[in-house]
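For reference, the structure is listed below as structure tokens.
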Amino acid sequence: MKINVVLHGILRDHLPRAAKGKTTLMLSDGTTVAEAVRQLHITRSVSAAVNGEETELDHVLQNGDNLQLFQLIGGG
Numbered sequence: 589m590k591i592n593v594v595l596h597g598i599l600r601d602h603l604p605r606a607a608k609g610k611t612t613l614m615l616s617d618g619t620t621v622a623e624a625v626r627q628l629h630i631t632r633s634v635s636a637a638v639n640g641e642e643t644e645l646d647h648v649l650q651n652g653d654n655l656q657l658f659q660l661i662g663g664g
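Residue numbers (my numbering): 589 to 664.
Rendered as structure tokens:
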């Protein structure tokens, strides 16, 4: 299945500069957000949105989904 991915903030460093934080992944049916994150070699804590809705990392992706990933930021 084909998933469109947008990486925000420092996560964009996981893609070539020319990609401008956007890529397409070809994934197996049943792939979760967490598995897609691993395929992108992202080791930071992230939050995710699929098709504009915040979602959990165990969410199963569907063909044509738009996945956005954001780095979690702590403060105090």
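For each residue, glycine too, the CB sits at the ideal point set by N, CA and C.
For A636, the uninterrupted beta strand (DSSP E) segment begins and ends at 634-638.
Here L613 is actually not in contact with I630; their C-beta atoms are around 12 Å apart, not less than 8 Å. Our two residues, T620 and A607, have alpha carbons roughly 23 Å apart in a direct line.
Going by DSSP, V593 is part of the beta strand (DSSP E) stretching over 590-595.
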